[in-house]
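Only one structure is covered here, and it is reproduced in the block below.
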Amino acid sequence: MRNNSIEFDPESAIIDAELLVKYRMLNRAVETLERAIDNMPRNVGLREKLREILIDAGRRDQAAQQCLALASLHISEGNVERANERLLEAKRLDPRVSVTGPLRDARTPKSAPAEPQAQKILSGNLSDVSLFDIVQIIENSKLTGVLLIQSSASQGEIHLVDGRIIGAKAGKDAGVPALGKLLDSVDGTFEFEKSNKEYEQTIQASSNTALILDMLRAKDEENFGME
């Protein structure tokens, strides 16, 4: 019978992992939870337990990645307070993570105007956290808006709908050429503004990962041809 999320019991995986931890079989416990998360990647309980065990095992960088994933889930649920907690913990666990905060609640206050407004909910320094990681957070949270980039390599913006890249602008360039310039950014700052604004689709791709990998391969081939 085909396995699916309905048949899968996350509580059983957590109980199994706790039993393995009791006998200090931490690596086996981590593997058990990772398999479970493959089945239910948006289950908060599984990721929280994995985070705890990774910290116990001294694998702080991996625990920080789980904190980022949890922050994404909390953002998508509108729980900004919990998202802040996990983002701050990620910074404590791994100094390379630098997502400034605190995040602000992106929901419109009751006293605010009815028309949709952009809400800045993520910002940081690209010398501390890579652009790829930021795109992953936005993708996991299925957010819609614009990612603003200011760096020595280029300045521009990346447009995302439900976490998927649909366009980019950098100077006079648009689409894939613009995105290529922005992906070279390794310093400067970023800001993500959540918005319901409609952006022109200048990039077609099945997924962000496939898009970025194709661009990196093309760049690698271009560099190889210049040698």
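Start counting the sequence shown at 6; every next residue gets the next number (our numbering).
Ideal placement from N, C-alpha and C gives every residue a C-beta, glycine not left out.
The structure displayed is predicted, hence computed values, not measured ones.
Asked                                                                                                                                                                                          : Found
Count the other CB atoms within 10 Å of the CB of Glu36; is the residue buried (16 or more) or exposed (fewer)?                                                                                : exposed
If you drop the 5 nearest sequence neighbours on each side, which residues of the same chain put their C-beta closer than 6 Å to that of Asp21?                                                : Thr37
Which runs of the beta strand (DSSP E) spanning at least 3 residues fall entirely within the segment 147 to 226, listed in chain order?                                                        : 150 to 155, 160 to 166, 169 to 175 and 194 to 199
Could you check the C-alpha separation between Pro100 and Ser81 for me, to the nearest Å?                                                                                                      : 25 Å
In angstroms with no decimal places, state the Cα-to-Cα distance between Gly50 and Ala41.                                                                                                      : 11 Å
Are there three or more Cβ pairs, one per stretch, closer than 8 Å when the segment 155 to 173 is compared with the segment 51 to 63?                                                          : no
Are the segment 158 to 169 and the segment 181 to 193 touching by the rule of at least three beta carbon pairs closer than 8 Å?                                                                : yes
Starting from the C-beta of Asp178, find all residues in its chain whose C-beta is less than 7 Å away, skip the five residues before and the five after it, and write them out in chain order. : Lys186
So the alpha helix (DSSP H) Arg29 belongs to, where does it begin and stop?                                                                                                                    : Run containing Arg29: none; DSSP gives neither H nor E here.
What residue range is occupied by the uninterrupted alpha helix (DSSP H) comprising Glu82?                                                                                                     : Run containing Glu82: none; DSSP gives neither H nor E here.
Are the beta-carbon atoms belonging to Leu75 and Arg64 less than 7 Å from one another?                                                                                                         : no
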